[in-house]
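Notes follow once the structure below has been shown.
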Amino acid sequence: MTKNLIPTINISSLVNKDFNSNKSIETINKIKKACINIGFFQVTGHGISQKNIKNICNVGNKFFNSSEKNKRKLSPKKWNSKNRNIYRGYFPNDVNGKEGLDIGDLKVTQNYARKLKNQYIEYINLTKSIDKKSIKVFSKFYFLIFFTL
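What follows is the structure, given as structure tokens:
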């Protein structure tokens, strides 16, 4: 029996935005293969510092190690009738065997979500359950991933 390992893919050629280079095409093909054959892959060469990665991991650990009552403050309406969100928020492990926190787009404000009336774009009030310092770490990491890569 062969052992499937999660592949590690260096995406530095894509971060440089030279998508037509041989290296970029090779990287894209590795990502495609990993998604089709395994479903997951680990990324290196992204340019995010170990310090920032450690900070976001600490925030995640702090949240997931908090009380069930605290985590459920961010749950979708199905698990917390006080909330309006349907898709975003904290998901207990009885959903698919593991806990999850889907925070969505941190730039979405309550007003924007209300005006848009799109069921998939939801505002999550993270301050119900997460301290402001941790939310800043989330915001910084979100910015690094979506606006600098």
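For what it's worth, the working numbering labels the leading residue of the sequence shown as 133, then goes sequentially.
The beta-carbon is built from N, C-alpha and C at its ideal position, and this holds for glycine as well.
Note that the structure is a prediction, hence the values are computed from the model and not measured.
Outcome for residue i when other beta-carbon atoms lying within 10 angstroms are tallied against a minimum of 16
i: R220; result: buried
i: I168; result: exposed
Residues bridged to residue i [DSSP beta-bridge criterion]
i: N190; result: BP columns for N190 are empty, so no partner.
i: Q174; result: T140
Pairwise C-alpha distance: residue j and residue i
i: I243; j: D263; result: Before going further, note that residue 243 is Asn rather than Ile in the sequence given. For N243 and D263, the distance between alpha carbons rounds to 22 Å.
i: K247; j: E254; result: 11 Å
i: E158; j: T140; result: 14 Å
i: T259; j: D237; result: 15 Å
i: G171; j: G232; result: 18 Å
i: I180; j: I138; result: 20 Å
i: F173; j: K162; result: 9 Å
i: S153; j: T280; result: 20 Å
i: D150; j: G177; result: 14 Å
i: N148; j: A166; result: 21 Å
Beta-carbon proximity list for residue i, same chain, < 7 Å, skipping 5 on both sides
i: Y252; result: Y219
i: T241; result: Y255
i: N202; result: S261
Where are the beta strand (DSSP E) runs, 3 residues long or more, that stay fully inside the region 195-246, in chain order?
Segments of the beta strand (DSSP E) lying fully in the region 195-246: 221-223 and 232-234.
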